[in-house]
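**Q** Chains as they are written, first to last, in our numbering: chain A, 54 to 166; chain B, 591 to 703.
Virtual Cβ for every residue (Gly too), placed ideally from N, Cα, C.
All of these numbers come straight from a predicted model, not from anything done at the bench.
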Amino acid sequence: SAVISQKPSRDICQRGTSLTIQCQVDSQVTMMFWYRQQPGQSLTLIATANQGSEATYESGFVIDKFPISRPNLTFSTLTVSNMSPEDSSIYLCSVDGLVTEAFFGQGTRLTVV
Amino acid sequence: KQEVTQIPAALSVPEGENLVLNCSFTDSAIYNLQWFRQDPGKGLTSLLLIQSSQREQTSGRLNASLDKSSGRSTLYIAASQPGDSATYLCAVRQRGATNKLIFGTGTLLAVQP
């Protein structure tokens, strides 16, 4: 299994500001995934982050709003830019272990006021 | 397009009952199916992973089955306890270039002491 550390665990931010979420994995992985979970909803994939290349974004998500960095095989960041109350969600980092089992971090609970 | 549905959306049972959570998916071209547990405001904990070639997996009081041809999976929880109270999510991994995880809508379980 993979152990994923995500920071911060929660934050309350002012609208118009940006927040960067960090994700650290205890082993080297090719792909890291960022998800959003809006209140009362299930998880939606934002983007897939590969080391050494630009992230691949899902329909409805753009790089200007959710820039992602992937500087090495164990670390990634997701920035939520120019936040509005609609961005209030849980943001989750995920990696795949052996046999394509998905593992998740503890999530970042973001509230935008 | 793959759609994953979970029934019921919410369930309340007295402690000690055996219960079944249902997950259905529309496209049988899956790599595997995974059941997760999510506590309020937290990340996801992997419970069971069933590969497409398997029929069931067991871990302690949990048993998950998979019928790929009919697009169904069930999670059976034996002798439920108040500590089992959480949201349970199923997710299917699509066969394809990206092997994406598609999540269900979740079942909110409350086990009453």
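Using a C-beta to C-beta distance shorter than 7 angstroms, which residues of chain B count as neighbours of Gln159(A)?
**A** Indexing the first sequence from 1 puts residue 159(A) at position 106. In chain order: Lys632 and Gly633.
**Q** Using three-state DSSP, classify Thr70(A) as helix, strand or coil.
**A** Walking along the first sequence from the start, residue 70(A) turns up at place 17. Coil at Thr70(A), not helix or strand.
**Q** Hey, quick one: how far does the beta strand (DSSP E) through Phe119(A) stretch, first residue to last?
**A** Translated into the one-based positions of the first sequence, residue 119(A) becomes position 66. First-last for Phe119(A): undefined, no H or E at that position.
**Q** Between Phe157(A), Ser137(A), Arg162(A) and Val165(A), which lies nearest to Phe86(A) when the distance is taken from Cα to Cα?
**A** In the first sequence, the residue the question calls residue 86(A) occupies position 33. Nearest option by C-alpha distance: Phe157(A).
**Q** Compile a chain-ordered list of the residues in the region 599-633 of chain B whose CB is closer than 7 angstroms to at least one CB of chain A.
**A** Going along the region 599-633 of chain B in chain order, one finds Tyr621, Asn622, Gln624, Gly631, Lys632 and Gly633 with a Cβ nearer than 7 angstroms to chain A.
**Q** For Leu151(A), which of helix, strand or coil comes out of DSSP?
**A** By one-based count along the first sequence, residue 151(A) stands at place 98. DSSP places Leu151(A) in helix when its eight states are reduced to three.
**Q** Compile a chain-ordered list of the residues in the region 680-694 of chain B whose CB is closer than 9 angstroms to at least one CB of chain A.
**A** Going along the region 680-694 of chain B in chain order, one finds Ala681, Arg683, Thr688, Asn689, Lys690, Leu691, Ile692, Phe693 and Gly694 with a Cβ nearer than 9 angstroms to chain A.
**Q** Is the separation between the beta-carbon of Gln596(B) and that of Gly694(B) shorter than 7 angstroms?
**A** By 1-based counting over the second sequence, the position of residue 596(B) is 6. By 1-based counting over the second sequence, the position of residue 694(B) is 104. For Gln596(B) and Gly694(B), yes; Cβs fall inside 7 angstroms.
**Q** In whole angstroms, what is the alpha-carbon distance linking Arg18(A) and Ser643(B)?
**A** Past the edges of chain A, shown from 54 to 166, lies residue 18(A), and the structure says nothing about it.
**Q** Among residues of its own chain, excluding the 5 on either side of Arg68(A), which ones have a beta-carbon nearer than 8 angstroms to its beta-carbon?
**A** Your numbering for residue 68(A) matches position 15 in the first sequence. Around Arg68(A): Met136, Ser137, Pro138, Val165 and Val166.
**Q** Relative to chain A, which residues along the region 640-651 of chain B have a C-beta separation below 9 angstroms, given in chain order?
**A** Listed by position along the chain: Gln641.
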